[in-house]
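Notes follow the structure.
Chains as they are written, first to last, in the numbering used here: chain A, 484 to 886; chain B, 484 to 886.
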């Protein structure tokens with residue numbers, strides 16, 4: 484275990500402690516301890532199918548290096564019979580920084596190895612030019628490093644999550660309609676600026692990675708997360724991993740052509756789910772029918788709550804098309820649980836009933852047994868997803884864009 | 484390795500040679516040899532991430548028991564430098580029987596461990612009652628066992644594939660619209676009748692398993708197979724395995740609500756893909772517009788080939804809605820390759836153009852780079868899928884319904 488000298492002049496450029504997991508078995512064992520700890524060796528053996536000897540071989544160096552600790556004192560005497568000595572990770576032995584890039588704001592968080600948020604920072608941005616965004620991301624990271632102090636040396640990497648088509652391996656934002664970007668080598672630019680490994684990830688995939696290791700995925704065999712807000716996205720966890728898409732595209736539930744042809748989407752296509760159900764589309768519909776172009780989203784929500792017929796109709800339409808899209812996804816992929824996660828606004832009451840109605844109508848056979856759970860996500864959660872992606876890449880030894 | 488005495492009185496009840504792979508590493512190594520063989524030990528080490536010692540430990544008993552052979556004579560001297568001694572399975576060391584149940588026919592095949600068809604049998608059925616189907620499956624299996632002779636003792640199990648919602652673990656056909664079945668414990672019934680382990684699988688999933696291990700999946704990281712005919716189904720291979728669906732339902736592309744509401748589907752819903760694009764729907768549309776209820780599917784195809792406007796329109800409509808459904812699936816799941824597999828009829832020319840047009844129109848961003856490959860499947864291929872499912876379950880040590 485690396486211990487930090489308080490006299491170290493520049494904690495930022497110091498290399499973080501090296502977590503080196505050289506075999507698939509070591510990765511598997513560490514992942515179990517990270518995501519399921521505290522966990523006994525017997526349970527690791529059972530869950531991984533590895534022999535006890537193989538588990539011990541994998542665990543010993545992790546304890547020596549300070550990434551894993553044995554909870555002996557804690558458990559001894561608590562349960563009758565043989566003591567359990569469960570294993571858990573040292574949450575601060577490695578840290579992560581995650582940044583979510585929005586069109587009007589950059590949000591950064593510093594987290595423990597278990598993706599618990601320690602510090603966060605929100606910086607408004609005036610435009611979405613690459614220069615403006617890079618400057619904001621660098622400021623956010625500097626601020627978080629300052630908050631971390633000496634511990635900044637323990638940061639394994641910087642994760643940045645962006646809406647759109649992202650080439651994670653190359654660190655390139657291939658296409659982001661939200662930012663108006665095309666083929667931007669963001670990973671390379673930021674790795675040079677920040678002198679740190681950088682991981683660029685699609686924002687919904689990053690959120691799904693956080694749920695895979697530190698959320699609903701810990702116990703569910705398969706799950707989907709559907710995010711609703713300015714865009715409508717979907718992350719999938721199937722057969723033990725997040726679905727990435729062979730060409731970098733997956734989970735594009737917002738662009739399933741399930742709405743009437745007459746609705747034009749911002750992507751240029753007709754009949755996309757987003758054309759009816761994104762917060763922008765809902766607002767536009769209510770502004771048009773009320774002939775009040777000055778309405779804000781909050782005004783629109785208030786109108787619907789007050790029973791205004793056209794506002795209620797717009798939210799109903801959105802709920803129905805989202806429910807239909809969720810059914811289409813469930814019929815194809817068959818997840819056990821679907822998290823429907825709204826962006827900050829708590830306005831589920833306005834469409835949850837329609838969403839569940841449409842889902843039940845279109846779910847095929849026992850696909851209807853999928854559990855639909857509504858939840859809400861803050862922008863900090865999106866940034867936490869980017870931090871979780873760095874943690875996962877570090878554990879798996881997957882390459883980030885090097886400094 | 485079990486050797487068969489030709490004097491053995493009843494080859495059928497003799498237990499097949501036991502392939503016992505006790506650790507995940509042994510399963511992984513054997514799977515590589517089965518699906519990628521002939522393959523050198525170095526390549527197995529590289530592909531599995533296991534140590535050379537672990538590979539040798541897994542391989543040795545397989546060679547001793549006769550499931551794996553070393554191709555030393557064959558390779559020595561063929562390539563310069565160090566000899567390779569590649570490993571491959573003994574294709575006849577274990578056999579499999581697969582049966583596909585259709586509404587009017589039961590098709591059975593006997594295969595090698597590499598799912599190569601050795602014998603096949605087609606038996607017409609008068610109705611789809613459980614009794615009629617069970618009798619036909621038993622006859623088909625008896626006929627294949629007779630064809631195999633003494634080798635019948637090497638059959639690891641009987642796979643039966645059925646369209647609909649299937650509980651593979653319990654061997655229960657939960658719902659099959661094609662057969663009019665609900666909660667039929669087919670696995671239990673057949674295991675008792677046949678005195679053999681039985682595996683019941685959804686037909687499209689079984690076809691996908693065959694492609695996973697012995698087809699396009701050998702080299703593709705992700706793929707989808709879309710089957711077109713009386714029904715329209717989809718099998719998905721993602722993150723190293725076939726997608727099963729937490730509730731047994733997945734790949735129901737035929738019931739995505741992408742067609743106009745006015746089309747009523749056999750499932751009772753409106754606007755399903757099948758309501759426009761199944762062979763039955765295409766035929767019904769052409770019969771109605773031509774006012775010729777006596778037309779056969781072949782007549783309808785001939786009419787379209789001759790340029791009959793309403794026949795061409797019906798195939799165009801089918802092609803467009805299938806292409807849209809393929810795009811929806813690709814946008815969600817992101818496969819590298821999509822096999823579009825027609826049932827025997829070679830009528831792709833009638834809708835392939837429209838299918839590709841609609842796919843290109845609705846594919847999102849680089850999802851459009853997915854390779855769409857049209858191919859055709861015979862009913863023997865469907866039965867082979869059921870045989871492949873038995874092979875996979877045997878290798879993985881997954882439970883079948885025991886005799």
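For glycine and all other residues, C-beta sits at the position ideal for the given N, C-alpha and C.
Here the structure is a predicted model, which means the values were calculated and not measured.
Item: So if DSSP puts residue 825 of chain A in a beta bridge, which residue, or which two residues, is it bridged to?; Value: A:711 and A:859
Item: So the alpha helix (DSSP H) residue 780 of chain B belongs to, where does it begin and stop?; Value: 780-788
Item: Ignore the nearest five residues each way along the sequence and tell me which others in residue 519 of chain B's own chain have a CB closer than 7 Å to its CB.; Value: 701
Item: Please compile the residues from chain A whose C-beta is within a distance smaller than 7 Å of the C-beta of residue 736 of chain B.; Value: 815
Item: Return the chain-ordered ranges of every alpha helix (DSSP H) run that is complete within the region 658-709 of chain A and spans a minimum of 4 residues.; Value: 669-677 and 686-697
Item: May I ask you to report which of helix, strand or coil DSSP gives residue 728 of chain A?; Value: coil
Item: For residue 705 of chain A, decide whether its Cβ has a neighbour in chain B, counting only Cβ atoms nearer than 7 Å.; Value: yes
Item: Counting only Cβ pairs nearer than 9 Å, list the residues of chain B close to residue 727 of chain A.; Value: 705, 722 and 817
Item: Does the Cβ of residue 529 of chain B have 16 or more other Cβ atoms within 10 Å, making it buried, or fewer, making it exposed?; Value: exposed
Item: From residue 832 of chain A to residue 762 of chain A, what distance separates their C-alpha atoms?; Value: 15 Å
Item: Which one of B:684, B:807, B:842 and B:517 has the shortest CA to CA distance from residue 872 of chain B?; Value: B:684
Item: Whole-angstrom Cβ separation of residue 717 of chain B and residue 815 of chain A, contact assumed at under 8 Å?; Value: 7 Å
Item: Opposite residue 820 of chain B in the DSSP bridges: which residues?; Value: B:706 and B:854
Item: Against chain B, which members of the region 502-513 of chain A pass a CB distance test of less than 8 Å?; Value: 506 and 507
Item: For residue 607 of chain B, name the three-state secondary structure that DSSP assigns.; Value: strand
Item: Helix, strand or coil for residue 799 of chain A per DSSP?; Value: helix
Item: Residues of chain A with CB under 7 Å from residue 848 of chain B, in chain order?; Value: 648, 658 and 732
Item: Which residues does DSSP list as the beta-bridge partners of residue 571 of chain A?; Value: A:552
Item: Going along the chain, which residues of the region 689-701 of chain A sit with their C-beta nearer than 7 Å to a C-beta in chain B?; Value: none
Item: Going by the beta-carbon positions, is the gap between residue 640 of chain A and residue 883 of chain A smaller than 7 Å?; Value: yes
Item: Helix, strand or coil: how does DSSP classify residue 868 of chain A here?; Value: helix
Item: Could you give the C-beta distance for residue 626 of chain A and residue 604 of chain A, rounded to a whole number, given that I count them as a contact under 8 Å?; Value: 5 Å
Item: Secondary structure at residue 593 of chain B, three-state DSSP: helix, strand or coil?; Value: strand
Item: In chain A, which residues lie with their C-beta within 9 Å of the C-beta of residue 519 of chain B?; Value: Here the premise fails: no neighbours, minimum Cβ distance about 18 Å.
Item: Would a C-beta distance cut-off of 7 Å place residue 721 of chain B and residue 722 of chain A closer than the cut-off?; Value: yes
Item: With C-beta atoms as the reference, is residue 681 of chain B less than 7 Å away from residue 847 of chain A?; Value: no
Item: If we ignore side chains and look at the alpha-carbon of each, how far apart do residue 944 of chain B and residue 664 of chain A end up?; Value: This structure cannot speak to residue 944 of chain B, because chain B is shown only from 484 to 886.
Item: Could one say the Cβ of residue 845 of chain A lies closer than 7 Å to chain B's Cβ atoms, at least one of them?; Value: yes
Item: How would you label residue 638 of chain A, buried or exposed, when you count the other beta carbons within 10 angstroms and need 16 or more for buried?; Value: buried
Item: Using a Cβ cut-off of 7 Å (strictly closer), state whether residue 852 of chain A contacts chain B.; Value: yes
Item: When DSSP labels each residue in this structure, what does residue 512 of chain B get in the three-state scheme?; Value: helix
Item: Compute the Euclidean distance between the alpha carbons of residue 502 of chain B and residue 727 of chain A, then round it to the nearest angstrom.; Value: 35 Å
Item: Do residue 759 of chain A and residue 746 of chain A have their C-beta atoms within less than 7 Å of each other?; Value: yes
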